[in-house]
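Undergrad: One rule links them: number in this note's numbering = place in the sequence shown (from 1) + 47.
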Amino acid sequence: MSNAWYELRIQVTPETKESITDYLFGIGVEAVNESLTQPSLLQVYVSAEARDNVIQQLKDFWPSLVQQHPTLSSLSINAVEIPDENWAEEYKKYYTAQPLTDLFFLRPEWDKTTPIPNGMIPVVMDPGQAFGTGLHPSTKLCLKTIQSQILESTQREKLKCLDVGTGTGILALAAYHLGTERVVGIDNDPIAIEVAKQNMILNGVQGIQLSTQDIKSLKTQFDFVISNILLETHRELSREYARLIPQGGLLLLSGLLGYQKLELFSFILPLGFSVLECKNYQEWASFLFVRRDKP
Numbered sequence: 048m049s050n051a052w053y054e055l056r057i058q059v060t061p062e063t064k065e066s067i068t069d070y071l072f073g074i075g076v077e078a079v080n081e082s083l084t085q086p087s088l089l090q091v092y093v094s095a096e097a098r099d100n101v102i103q104q105l106k107d108f109w110p111s112l113v114q115q116h117p118t119l120s121s122l123s124i125n126a127v128e129i130p131d132e133n134w135a136e137e138y139k140k141y142y143t144a145q146p147l148t149d150l151f152f153l154r155p156e157w158d159k160t161t162p163i164p165n166g167m168i169p170v171v172m173d174p175g176q177a178f179g180t181g182l183h184p185s186t187k188l189c190l191k192t193i194q195s196q197i198l199e200s201t202q203r204e205k206l207k208c209l210d211v212g213t214g215t216g217i218l219a220l221a222a223y224h225l226g227t228e229r230v231v232g233i234d235n236d237p238i239a240i241e242v243a244k245q246n247m248i249l250n251g252v253q254g255i256q257l258s259t260q261d262i263k264s265l266k267t268q269f270d271f272v273i274s275n276i277l278l279e280t281h282r283e284l285s286r287e288y289a290r291l292i293p294q295g296g297l298l299l300l301s302g303l304l305g306y307q308k309l310e311l312f313s314f315i316l317p318l319g320f321s322v323l324e325c326k327n328y329q330e331w332a333s334f335l336f337v338r339r340d341k342p
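1) In chain order, what residues of the same chain lie with their CB nearer than 8 Å to the CB of MET48, ignoring the 5 residues before and after it?
2) Could you spell out where the alpha helix (DSSP H) holding GLU324 opens and where it closes?
3) VAL127 and GLU81: beta carbons closer than 8 Å?
4) Starting from MET167, trace the alpha helix (DSSP H) both ways and give me its first and last residue.
5) Pick from PHE269, GLN294 and LEU300: whose alpha carbon is nearest that of THR280?
6) I think LEU304 touches GLU283, with their Cβ atoms under 8 Å apart; what is that distance to the nearest whole Å?
7) As a quick exercise: from CYS208, GLY216, GLN253 and SER313, pick the residue whose alpha carbon is nearest that of GLU241.
8) For PRO169, collect the residues of the same chain with a Cβ closer than 7 Å to its Cβ; drop the 5 residues on either side in sequence, then sort them by chain order.
9) Buried or exposed, going by whether 16 or more other CB atoms sit within 10 Å of the CB of ILE67?
10) Counting only the same chain and skipping the five closest in sequence on each side, list residues whose C-beta sits under 6 Å from that of ILE276.
11) Between LEU297 and PHE271, is the Cβ-Cβ spacing less than 8 Å?
12) In three-state DSSP terms, what is ASN246?
13) What would DSSP say about ALA144, mapped onto helix, strand or coil?
14) Starting from the C-beta of HIS183, find all residues in its chain whose C-beta is less than 6 Å away, skip the five residues before and the five after it, and write them out in chain order.
15) What is the DSSP secondary structure of GLY232, counted as helix, strand or coil?
16) Report the option in GLU310, PHE314 and LEU335 whose CA atom is closest to the CA atom of VAL322.
17) Are GLN294 and ARG339 touching if we call contact CB-CB under 8 Å?
18) Figure out for me which residue from VAL76, GLN115, MET172 and SER87 has the closest Cα to the Cα of THR143.
19) I believe LEU206 touches ILE197 by the beta-carbon criterion, under 8 Å. Please report the beta-carbon distance rounded to the nearest angstrom.
20) Quick check: VAL113 and VAL91, are their CB atoms within less than 8 Å of each other?
21) Hey, how far is the Cα of GLN256 from the Cα of LEU220?
22) When you compare only the Cα positions, how much space is there between SER94 and TRP52?
23) If you measure between the beta carbons of LEU150 and GLY181, is that distance less than 8 Å?
24) Which of helix, strand or coil does DSSP assign to GLU287?
25) Take LYS64 and list the residues in its own chain whose beta-carbon comes closer than 6 Å to its own, dropping the five residues that flank it on each side.
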């Protein structure tokens, strides 16, 4: 496997910069910088394996963006290869220790000096090539809801949680730290599962079950299902969510832009779910549902 990384340099306009950045985060890109010297330039960092896929998705996305913003020029991407060691150092500059919620405190694996504030739970992360640094708005939304729902539960020591598309394992780790009985994390990307397993070692955690098991093969039900992925994948998995959650169980969905709310509701609510909570952060949104009687 190649260790090369690429910087994709994309010309944008001030009014489209945020939309393009959000779109990139939505398709799993973890690093997007705004050029300090060229305000109309976005610097997007991707692995060699992800480069072609990201470029193709941008090509597919661009025409709809031009329709909304006619002053936007045709897509121009300059891909520049950067040595792996240089990428690692660049990445560390913006991935820094910081609070994720009022309870969880992120500290990158390479940061050995930043103290963990009193009363906060450390989350030690080395994201590698997996989604879920903890800094993306959708991840922060999920962390806040996981924290509030589990801490408020009178049965939290009996809760069984499933993290769908676990990525780095950060959401599964949060559920585990809050004292739930069982946490399972699944992801169809073997690299993500390896990254998640390494992150569990960094945090001294052995009690989380991580695998590439297909959600359709899961037999047991879960009191709390968490899924921070894209809208179309939520649609594909919606009936599996309903199958795995008993009456009274919770479903937390994120990885969604606010305007996708009605489309999400159109296929989730008919499956026997009611909305408990909606949270927004920037253009992103998360939705908490409770399982009613079967439809």
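Beta carbons: idealized from backbone N, C-alpha and C, even for Gly.
TA: With the given structure in hand:
1) Note on MET48: pLDDT 41, under 50, position unreliable in the model; the coordinate value appears next. For MET48, the CB contacts under 8 Å within the same chain, skipping 5 residues up- and downstream, are GLU96 in chain order.
2) For GLU324, there is no enclosing alpha helix (DSSP H); the enclosing beta strand (DSSP E) has its first and last residue at 320 to 328.
3) It is not a contact, given that the beta carbons lie outside the stated cut-off.
4) Taken as a continuous stretch (DSSP letters only), MET167 belongs to no alpha helix (DSSP H), as it is neither H nor E.
5) Proximity to THR280 across PHE269, GLN294 and LEU300 peaks at LEU300, based on C-alpha coordinates.
6) Between GLU283 and LEU304 the Cβ distance is about 18 Å, and since that is not below 8 Å, they are no contact.
7) Answer by Cα proximity: GLY216.
8) Closer than 7 Å at Cβ, skipping near neighbours: PHE152, ARG154 and ILE163.
9) Counting other Cβ atoms within 10 Å of its Cβ, ILE67 reaches 16 or more and is therefore classed as buried.
10) For ILE276, same chain residues with a beta-carbon under 6 Å away, outside a window of 5 residues either side, are GLY212 and GLY302 in chain order.
11) A contact, by the Cβ cut-off of 8 Å.
12) Looking at ASN246 - three-state DSSP - the assignment turns out to be helix.
13) In the structure shown, ALA144 sits in coil (DSSP, three-state: anything other than H, G, I, E or B).
14) The answer, listed in chain order, is PHE72.
15) Three-state DSSP puts GLY232 in a strand.
16) Comparing C-alpha distances from VAL322 to each of GLU310, PHE314 and LEU335 shows the shortest one belongs to LEU335.
17) Yes, these two residues count as a Cβ contact at 8 Å.
18) Closest by alpha carbon: MET172.
19) Beta-carbon to beta-carbon, LEU206 and ILE197 are separated by about 7 Å, close enough to satisfy the 8 Å threshold.
20) Going by C-beta atoms, VAL113 is not nearer than 8 Å to VAL91.
21) Answer to the nearest angstrom: the Cα atoms are 11 Å apart.
22) C-alpha separation (whole angstroms): 4 Å.
23) In this structure, GLY181 does not lie closer than 8 Å to LEU150 by Cβ.
24) Taken through DSSP and simplified to helix, strand or coil, GLU287 comes out as helix.
25) Once the five neighbours on either side are set aside, LYS64 has no close Cβ partner at all.
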